[in-house]
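Per this note's numbering, residue 85 is the first one in the sequence shown, and the count goes up by one each step.
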Amino acid sequence: MMCKVGDSDSAAELSQRLGSYYQYITRSGADEVPFDKEYRHALDYCDIQCIRFSNRVHFEYEEQTEVPATITVPRLIIQPIVENVFEHAFEDGMMEGKVYIRTEYREGKLCVTVEDNGNLATDAMIEQLNTKLARDSKSIENTGLINVNNRLKLKYGPESGLTASRSMHGGLKINLTIIPET
């Protein structure tokens, strides 16, 4: 559609992001990647979705500079959280959406926060999500957030994983925490 209407700049941008996205998804290799590559993949996904939503949804992020380059993480732990925002927070199509992503690394603890300004997450839904996240990782669940949470807990222990709360922007806030066992 972009090509048909003569928006070659946006078409080129989308093609570049899609290429990067699919290269990351399909490449063979290690189950773990440097954190900066995982983070960049999530940002590429955001770019693709913002173009898809006709720039009705935007995202803000912090350049992650404090995470040591030696930190590796399991692949595909941030993108499913961001995907959840695009699938659920703005599905009513009635508002300008905003996604906020930030990282913090302090004393060996890595935290990634993904927030939105959507208005569809109720307090009851957030409570129900936290109940699911707190369950034993052996429970079978096929949603992206639960899958990421289970993977993090299995790899890094019970103090790692996801938690949900109300965002200061009005929507949902997901905190991803990794505390490597020493």
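Each residue gets a CB set at the ideal place from its N, CA and C atoms; glycine is no exception.
Between the CA atoms of residue j and residue i - distance to the nearest angstrom
i, j, result
"GLU171", "ALA153", "31 Å"
"VAL141", "ASP128", "14 Å"
"VAL196", "ASN234", "16 Å"
"HIS125", "PRO164", "11 Å"
"ASN259", "ILE210", "13 Å"
"PHE137", "MET252", "23 Å"
"VAL157", "ALA208", "31 Å"
"LEU217", "LYS237", "10 Å"
"PRO118", "VAL151", "10 Å"
"GLY192", "GLY228", "26 Å"
"ASN201", "GLU144", "12 Å"
"ARG219", "GLN148", "31 Å"
"ALA248", "ARG190", "21 Å"
"ILE263", "ALA114", "21 Å"
"PRO130", "ALA205", "According to the sequence shown, residue 130 is Cys rather than Pro. Answer to the nearest angstrom: the Cα atoms are 20 Å apart."
"VAL232", "ASN168", "12 Å"
"ARG186", "ASP93", "28 Å"
"GLU175", "TYR240", "33 Å"
"GLU116", "ARG159", "5 Å"
"ASN214", "GLU180", "27 Å"
"ILE162", "SER244", "14 Å"
"GLY254", "TYR123", "24 Å"
"ILE155", "LYS121", "11 Å"
"LYS312", "TYR184", "Because the chain spans 85 through 266 in this model, residue 312 falls outside it and cannot be assessed."
For residue i, the three-state DSSP class (helix, strand or coil)
i, result
"ASN201", "coil"
"SER249", "strand"
"SER244", "coil"
"ALA153", "coil"
"GLU97", "helix"
"ARG136", "helix"
"GLU175", "coil"
"ARG124", "helix"
Residues bridged to residue i (per DSSP)
i, result
"GLU144", "TYR184"
"ALA195", "Strictly speaking, residue 195 in this sequence is Cys, with Ala absent from that position. Looking at the DSSP assignment, CYS195 forms a beta bridge with GLU188, THR261."
Element boundaries [alpha helix (DSSP H), containing residue i]
i, result
"PRO158", "Per DSSP, PRO158 belongs to no alpha helix (DSSP H); it is in the beta strand (DSSP E), 156–158."
"ILE262", "Premise fails: ILE262 lies in the beta strand (DSSP E), 256–262, not in any alpha helix (DSSP H)."
"GLU211", "207–218"
"PRO118", "Taken as a continuous stretch (DSSP letters only), PRO118 belongs to no alpha helix (DSSP H), being part of the beta strand (DSSP E) at 116–118."
"ILE230", "228–240"
"PRO164", "163–168"
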